[in-house]
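Colleague:
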Amino acid sequence: QNLAHDERNSLIFVSYQIEGTLGRRIQKGAREVSIMDQNGRIRVIKINLKVHTVEGFSGHSDRRQIINYLRRISQKPENIIVCHGERSKCLSLAEFLRRRYKVNAIAPDILETIKLR
Numbered sequence: 002q003n004l005a006h007d008e009r010n011s012l013i014f015v016s017y018q019i020e021g022t023l024g025r026r027i028q029k030g031a032r033e034v035s036i037m038d039q040n041g042r043i044r045v046i047k048i049n050l051k052v053h054t055v056e057g058f059s060g061h062s063d064r065r066q067i068i069n070y071l072r073r074i075s076q077k078p079e080n081i082i083v084c085h086g087e088r089s090k091c092l093s094l095a096e097f098l099r100r101r102y103k104v105n106a107i108a109p110d111i112l113e114t115i116k117l118r
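Position 64, counted from 1, in the sequence shown is what the numbering used here calls 65; the numbers after and before it change by one each time, with no gaps.
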């Protein structure tokens, strides 16, 4: 909610968003959403940030499938963000990708903001 108002910010979905969820509404182009704040009040949030979806990437891929995907693509990414799974597994995969593919791979903390250039 703190980033949604600024068109310079982006939200990137890397998999399917379930029907009826906030993610799905934003992914499908909602320009305003209602959320409950910390005091239990409903607030309307304007969505001005850019919304992107990475198609063809399953949120259910395991370590082996992710590594095979990276091995097969012709242009390797410069940055990889590992952000779905147990913390220790995310850290381990990010470390492996850094060593194996010489990329900037990170496993951010929950709610950590990452600036992309």
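Glycine included, every Cβ here is placed at the ideal spot set by N, Cα and C. Values in this document were obtained by computation on a predicted structure and should not be read as measured data.
Does the segment 26 to 40 come close enough to the segment 48 to 67 to have 3 or more Cβ pairs within less than 8 Å?
Modeller: When Cβ pairs closer than 8 Å are counted between the two stretches, the segment 26 to 40 is seen to touch the segment 48 to 67, the count reaching three or more.
Colleague: Find out if the Cβ-Cβ distance for the pair residue 68, residue 106 is shorter than 8 Å.
Modeller: Not closer than 8 Å, so no.
Colleague: Does the separation of the CB atoms of residue 83 and residue 94 fall below 8 Å?
Modeller: yes
Colleague: Determine the DSSP secondary structure at residue 44, reduced to helix, strand or coil.
Modeller: strand
Colleague: Does the separation of the CB atoms of residue 119 and residue 44 fall below 8 Å?
Modeller: Because the chain spans 2 through 118 in this model, residue 119 falls outside it and cannot be assessed.
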